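S.K.:
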Amino acid sequence: MKTTSIQWQAVINGTVREIEIPPSRRLLDILREDLDLTGTKISCEIGRCGACMVLIDGEPMNSCLMMAYQCEGTEITTIEGLHGETEDVLHPIQEAFLEEGGFQCGYCTPGMIISTKALLDRVPQPKEQEIKEGLCGNLCRCTGYGGIMRAVESAADKCAQRSSLIPAVDS
Amino acid sequence: MLLNRESSGERWRKRRDGKEKVTGELRYLTDMTAEGMLYGRVLRSSHPHAHILSLDTLAAENYEGVVAVITHRDVPGLNRFGIAVPDQPALCEDTVRYIGDAIAAVAAITPEIAAYALSLIHVEYEVLETITDPLRALEDNAPRLHPQGNILHRTQVKHGDAGHALQNCAYVVKEVYSTPRQMHAYMETEGGLFIPEPDGRLTVYAPTQHGYKDRMQIARILDWEEERIRVISSPIGGSFGGKDELNVQPYGSLLALKSGRPVKMHNSRMESVRAGLKRHPMKIEMETGMDEYGRLKAHRVRIVADTGAYATLGAPVLNFATEHSMGPYRWEHIDIEGISVYTNNGVSGEFRGFGGNQAIFAMEGQMDRLAEQIGMDPWEFRMLNRRYPDDPGPLQQEIWRTNGLEQVMQALAQSSLWQRREAISVLSVHDSLSDASSSPPWIKRGIGAALAMHGAGLGYGIDDPAGGRLSLNASGQIEAAFSYEEFGQGLITTLEIMLIDLFHCTGEDISIVIGDTDRVPHSGSSTASRSTTMAWMGLQRLKTPFLQAILQKAHDMTGIPVDQLTTGEQGIWQISWEDDAEIRHKCVVSYREIAAAAQGNEFVFDTKFSYPTTPDEVVGGHFLYTYAAVAAEVEVNTLSGHVKLLDTYHTVAAGPVINPMGFIGQIEGGSVMALGFTLTEDAVMEEGHYMTRNMDTYMIPSIQDMHTSLEVEAIEELPENDPFGPRGIGEIGSVALAPAITAAIRQATGTWVTHLPVSRDQLIRRAGVWQQEGVSPR
Chain F
1 MKTTSIQWQA
11 VINGTVREIE
21 IPPSRRLLDI
31 LREDLDLTGT
41 KISCEIGRCG
51 ACMVLIDGEP
61 MNSCLMMAYQ
71 CEGTEITTIE
81 GLHGETEDVL
91 HPIQEAFLEE
101 GGFQCGYCTP
111 GMIISTKALL
121 DRVPQPKEQE
131 IKEGLCGNLC
141 RCTGYGGIMR
151 AVESAADKCA
161 QRSSLIPAVD
171 S
Chain E
1001 MLLNRESSGE
1011 RWRKRRDGKE
1021 KVTGELRYLT
1031 DMTAEGMLYG
1041 RVLRSSHPHA
1051 HILSLDTLAA
1061 ENYEGVVAVI
1071 THRDVPGLNR
1081 FGIAVPDQPA
1091 LCEDTVRYIG
1101 DAIAAVAAIT
1111 PEIAAYALSL
1121 IHVEYEVLET
1131 ITDPLRALED
1141 NAPRLHPQGN
1151 ILHRTQVKHG
1161 DAGHALQNCA
1171 YVVKEVYSTP
1181 RQMHAYMETE
1191 GGLFIPEPDG
1201 RLTVYAPTQH
1211 GYKDRMQIAR
1221 ILDWEEERIR
1231 VISSPIGGSF
1241 GGKDELNVQP
1251 YGSLLALKSG
1261 RPVKMHNSRM
1271 ESVRAGLKRH
1281 PMKIEMETGM
1291 DEYGRLKAHR
1301 VRIVADTGAY
1311 ATLGAPVLNF
1321 ATEHSMGPYR
1331 WEHIDIEGIS
1341 VYTNNGVSGE
1351 FRGFGGNQAI
1361 FAMEGQMDRL
1371 AEQIGMDPWE
1381 FRMLNRRYPD
1391 DPGPLQQEIW
1401 RTNGLEQVMQ
1411 ALAQSSLWQR
1421 REAISVLSVH
1431 DSLSDASSSP
1441 PWIKRGIGAA
1451 LAMHGAGLGY
1461 GIDDPAGGRL
1471 SLNASGQIEA
1481 AFSYEEFGQG
1491 LITTLEIMLI
1501 DLFHCTGEDI
1511 SIVIGDTDRV
1521 PHSGSSTASR
1531 STTMAWMGLQ
1541 RLKTPFLQAI
1551 LQKAHDMTGI
1561 PVDQLTTGEQ
1571 GIWQISWEDD
1581 AEIRHKCVVS
1591 YREIAAAAQG
1601 NEFVFDTKFS
1611 YPTTPDEVVG
1621 GHFLYTYAAV
1631 AAEVEVNTLS
1641 GHVKLLDTYH
1651 TVAAGPVINP
1661 MGFIGQIEGG
1671 SVMALGFTLT
1681 EDAVMEEGHY
1691 MTRNMDTYMI
1701 PSIQDMHTSL
1711 EVEAIEELPE
1721 NDPFGPRGIG
1731 EIGSVALAPA
1741 ITAAIRQATG
1751 TWVTHLPVSR
1761 DQLIRRAGVW
1771 QQEGVSPR
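The listed protein sequences derive, respectively, from chains F and E. Note that the numbering used here gives residue 106 to position 106 of the first sequence, counting from 1, and the numbers run on in steps of one. Start counting at 1 in the second sequence, then tack on 1000, and there's your number in the numbering used here.
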């Protein structure tokens, strides 16, 4: 059961990470097992539920479907890499989920917040249908999505307010 | 009060466990690892029903990297589990009864080796007839799945002579309703970490809804003293009843003890589907009659529940379905029989609503059919036949009197959603359209409503303990400890709000301990919509002795009279009174200082009691009920059969709302779960095998299925001196939406639905085809 390993490298949450792994290792396992970044969750493992959503070069991707060789050399953002102006401050999306009750058990939440980030980066003031399209790859069994809709709407407002106050530094 | 963030004011509180959830910092029990940890995997049966002729694990044991292999021979204690009836083998000896049955388990140094090792275990089967239909299981020549036969449980409620009365009714409706094998589909699948401790104990980190019950069951399997096991069971990534029973705990525990090393288990989604509980599919036949004035007279019900291979709580689920198959209505003649039958399908068990969902769907369906038959407004028809507040409960037992039923019925009647129905019903049923001008003719709209009276607590005759502990801990925090679990419902925040209400302190002055059998007293399970009520009652009992002790101590330390002292932010405050208004002067001694001066357990208080039960000896009968009314508006595309839920209104009478964010979340979440039950969800089985194995074919609602509006109206008023406080609302949001939707489909299309999930085929219309079904005027 030996597989040839490769020297794999990616920028994860702003830090260059280099590990020796088989080229077919799932990104989900790299994150959770090799790097102990357990904020990325494991649930359906077929790319349906979105619990393992991460940003790869800014695009939302299910890390259960992504093999190491496919994302080598990319920039990967997980829930642990999301924060506000400083590392100890919540991102406005996280704040909005907290204030509006956009989660219950919390297991879908990291993926849901990552997908929201990708959505708002692309469409800063999304209409209802755009929110639904942006989040239709993320399943939640607890909330019935009401709190999530309210959280995303509030997050869009928060992000808009901040970007009008603070000049954008990076994405 | 229409509940939302604005109407909640200061009670809208960020969840105490929220920051760690939105940052991904929270370690769920399935995220945990330990030094030297092994990976456990379970070999499950290849057949839904077979004898095991031989079982050979040698090749797996000898494979490099495998540390332990277990079979039934490795179970030192009772090789069975099941909360109510332990009839499910932890590891099968000679017979398998469903496709999720466990035969062996392996612990290895990598998950890949563990998975490969399973393929090296050789099992020889003699395949037996697969019983997929409960009716087949009841035939004399059917194979017996258990020593006592194929019947798990029967129920019977009879008074009057329903058979005779039905013959003399002016109107009778007879219908057979059937409901799906709904899956809990919690996002975190079952799993955990099992650690043999150096002192000879075992620590189990695995989600459950009742840590003490798991501890008892694991101890029974291991033949250990319960106290040697520590069960840590929260936080949980969703449960909905599904993690109430044991799942991976027997294998993790046995593998950890055999290997002497920590073992991690985490089911794949497919294994979760294969082995996990589902909601009981039920066939419910109802024959209901009324007189010429529309007064209900007689009700005959036959319930057949497919309980699958093993019991778990199948019997109490059938009791609950039986109790809820009469609705909140007055009857002269009742004849109800229920039967819960073993089959070789997946195991059915506890699931939010607990048998009420199926029974209420059928009962409310009957009410709509009867109302239509006599030409009455369906809500007025219910109003005419509703039970009175002083009436006995459905099983003729004494119940606690509230006005909840009246209140929810009136609230729904006044809701703007229900009032819109009038506008639709003036049009003919065939082409009802509220906005005929803008929609194409194949789009039909309708509005329906349904009612629920839902029992809480485990019911008469079932041990239903409650209790709790309130203390000032060593670091100077007011600490509340309960054996309840946080699976997302918001229990921790509800407790925090209760404590702030009681002691006028801040969240930082509080410590909440749950989900750890070494640190919490036995206060029963987090099931049956019981834990909010039990926590509230527990704190009511504990607050007085706690306050007396802590204020006396503050007096001893400051010399200020006790009647001028009260609890507050950071410590004890001096107060005075002016015109009945309390004036808070300053904090005179901090909790920390009091804690430092504490002697022994001076500030530790425990209480024990039980969930309130009816005094009448009616097994499973409830004492406390909550009430809900639900209205739904749907749009049906009669070309595709697609049903879209446009608007929903829930009103719930469950006493004071402690945690409005949690309350809304439970009703919204329960409602959307019921939407799946009604329209899309079914774990399809063929010949005892699951055809739906993951979330690609098992369709839970996505955000795309979310309708535009869902209103939650809470009725908080309780009778004066009601001693039970807030009622739990974890289930009631999920029990009455289905019949409201099917009533709306009837209004939109003229089709009566009897089978869930709603079949699209049934709603596709060729021009002019319409027929009235299920009604037999006499």
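Beta carbons are placed, not taken as given, at the ideal position from N, Cα and C, and that holds for glycine. These numbers were taken from a predicted model, which means no experiment stands behind them.
Below 9 Å between beta carbons: does that hold for E/His1051 and E/Glu1126?
M.R.: In contact: E/His1051 and E/Glu1126 (Cβ atoms closer than 9 Å).
S.K.: Less than 8 Å between the CB atoms is what I'm expecting for F/Ser43 and E/Arg1215, so what's the real figure, rounded?
M.R.: About 27 Å; that fails the 8 Å criterion.
S.K.: Return the first residue and the last residue of the beta strand (DSSP E) that F/Met53 is part of.
M.R.: Per DSSP, F/Met53 belongs to the beta strand (DSSP E) from 53 to 56.
S.K.: Quick check on the burial criterion: 16 or more other C-beta atoms within 10 angstroms. Buried or exposed for E/Trp1418?
M.R.: With 16 or more other Cβ atoms within 10 Å, it is buried.
S.K.: So with Cβ pairs under 9 Å, would you call F/Ala51 a contact of chain E?
M.R.: True, the Cβ-Cβ gap to chain E drops below 9 Å.
S.K.: Between E/Ala1653 and the rest of its own chain, which residues show a CB-CB distance below 6 Å, the 5 nearest in sequence each way excluded?
M.R.: These residues qualify, in order along the chain: Gly1404, Gln1407, Val1408, Tyr1627, Ile1715.
S.K.: Could you please tell me which residues of the segment 136 to 154 of chain F, in chain order, have their CB closer than 9 Å to any CB of chain E?
M.R.: Cβ contacts with chain E come from Cys136, Gly137, Asn138, Leu139, Cys140, Arg141, Cys142, Thr143, Gly144, Tyr145, Gly146, Gly147, Ile148, Met149, Arg150.
S.K.: Going along the segment 1094 to 1118 of chain E in order, which residues come within less than 8 Å of chain F, judged by CB to CB distance?
M.R.: Answer in chain order: Glu1112, Ile1113, Tyr1116.
S.K.: DSSP three-state call for E/His1333: helix, strand or coil?
M.R.: If DSSP states are grouped into helix, strand and coil, E/His1333 belongs with the strands.
S.K.: Run through DSSP, which three-state label would F/Gln7 get?
M.R.: In this structure, F/Gln7 counts as strand in the three-state DSSP scheme.
S.K.: Could you tell me whether the segment 1741 to 1751 of chain E touches the segment 1439 to 1448 of chain E, where touching means 3 or more Cβ pairs closer than 8 Å?
M.R.: The segment 1741 to 1751 of chain E vs the segment 1439 to 1448 of chain E: in contact.
S.K.: Thinking just about the alpha-carbon of each residue, which of E/Thr1638, E/Tyr1098, E/Leu1639 is nearest to the one in E/Asn1345?
M.R.: The shortest Cα separation from E/Asn1345 among E/Thr1638, E/Tyr1098, E/Leu1639 belongs to E/Tyr1098.
S.K.: Whole angstroms is fine: what's the gap from F/Pro124's alpha carbon to E/Tyr1063's?
M.R.: Answer to the nearest angstrom: the Cα atoms are 55 Å apart.
S.K.: In the structure shown, what three-state DSSP assignment does E/Gly1036 receive?
M.R.: E/Gly1036: coil per DSSP, three-state reduction.
S.K.: Quick one, which residues of the segment 1511 to 1526 of chain E are near chain F if we go by CB-CB under 9 Å, in chain order?
M.R.: Listed by position, the residues of the segment 1511 to 1526 of chain E near chain F (Cβ gap below 9 Å) amount to none.
S.K.: In whole angstroms, give me the CA-to-CA distance for E/Ile1103 and F/Gly39.
M.R.: Each residue's Cα considered, the two are about 33 Å apart.
S.K.: Once you ignore the five residues that flank E/Ile1121 on each side, which residues in its own chain have a CB closer than 6 Å to its CB?
M.R.: Taken in chain order, the residues that qualify are Leu1043, Thr1057, Ala1060, Ala1104.
S.K.: Are at least three pairs of beta-carbons, each pair with one atom in the segment 1672 to 1683 of chain E and one in the segment 109 to 123 of chain F, less than 8 Å apart?
M.R.: Counting Cβ pairs under 8 Å, fewer than three are found: no touch.
S.K.: Using 8 Å as the Cβ pair cut-off and three pairs as the minimum, do the segment 1169 to 1179 of chain E and the segment 1283 to 1293 of chain E touch?
M.R.: Contact holds: three or more Cβ-Cβ distances are below 8 Å.
S.K.: Between which residues of its own chain and F/Pro60 is the CB-CB distance below 7 Å, once the five residues before and five after are set aside?
M.R.: So the list reads Met53, Ile114, Ser115, Ala118, once near-sequence residues are dropped.
S.K.: If you reduce the DSSP assignment to three classes, tell me which class F/Lys132 lands in.
M.R.: Note: F/Lys132 maps to helix in three-state DSSP.
S.K.: Can you give, in chain order, each stretch of the beta strand (DSSP E) that sits fully within the segment 1529 to 1604 of chain E and has at least 3 residues?
M.R.: The qualifying runs are 1565 to 1567, 1571 to 1578, 1581 to 1590.
S.K.: Just to make sure I have the definition right: I need the residues of chain E whose C-beta is within less than 8 Å of the C-beta of F/Arg48. Which are they?
M.R.: Within chain E, the residues near F/Arg48 are Asn1694, Met1695, Asp1696.
S.K.: Should E/His1047 be flagged as near chain F, meaning a C-beta pair shorter than 9 Å?
M.R.: E/His1047 does not count as touching chain F.
S.K.: Checking contacts by CB at 9 Å: is F/Asp157 closer than that to chain E?
M.R.: So, not an interface residue.
S.K.: Counting only beta-carbon atoms, is F/Glu45 nearer than 9 Å to chain E?
M.R.: Yes, its Cβ sits closer than 9 Å to a Cβ of chain E.
S.K.: For E/Ala1034, which residues from the same chain have a beta carbon less than 7 Å from its beta carbon, with the 5 sequence-adjacent residues on both sides left out?
M.R.: If we look at E/Ala1034 and ignore the five residues flanking it on each side, its Cβ neighbours are Leu1193, Ile1195, Pro1262.
S.K.: E/Tyr1460: which of E/Ala1090, E/Lys1258, E/Tyr1611, E/Ala1165 sits nearest, CA to CA?
M.R.: For E/Tyr1460, the nearest C-alpha among the options comes from E/Tyr1611.
S.K.: Shorter than 9 Å from the beta carbon of E/Thr1030 to some beta carbon of chain F?
M.R.: Yes, E/Thr1030 counts as interfacial toward chain F.
S.K.: So what's E/Leu1433 in DSSP terms, helix, strand or just coil?
M.R.: Bear in mind that a pLDDT of 45 at E/Leu1433, under 50, signals an unreliable position, so the number given afterwards is only what the model happens to contain. Reduced to three states, the DSSP call for E/Leu1433 is coil.
S.K.: Considering only the beta carbon of each residue, do E/Gly1786 and F/Gly111 sit closer than 9 Å?
M.R.: Because chain E is modelled from 1001 through 1778, residue 1786 of chain E falls outside the range shown and cannot be assessed.
S.K.: I want to verify the contact list: residues of chain E whose CB lies under 8 Å from the CB of F/Lys132, in sequence order.
M.R.: Going along chain E in sequence order, the residues near F/Lys132 (Cβ under 8 Å) are Ile1703, Gln1704, Met1706.
S.K.: To the nearest angstrom, how far is it from the Cα of E/His1266 to the Cα of E/Tyr1251?
M.R.: E/His1266 and E/Tyr1251: Cα-Cα distance of roughly 11 Å.
S.K.: Compare the C-beta of E/Lys1243 with all C-beta atoms of chain F and state if any pair is closer than 9 Å.
M.R.: No, because no Cβ of chain F sits closer than 9 Å to the Cβ of E/Lys1243.
S.K.: In the DSSP assignment, the beta strand (DSSP E) including E/Val1231 goes from what residue to what residue?
M.R.: Counting along the chain, the beta strand (DSSP E) containing E/Val1231 begins and ends at 1229 to 1232.
S.K.: Identify every residue that forms a DSSP beta bridge with E/Leu1193.
M.R.: Its beta-bridge partners are E/Tyr1205, E/Lys1264.
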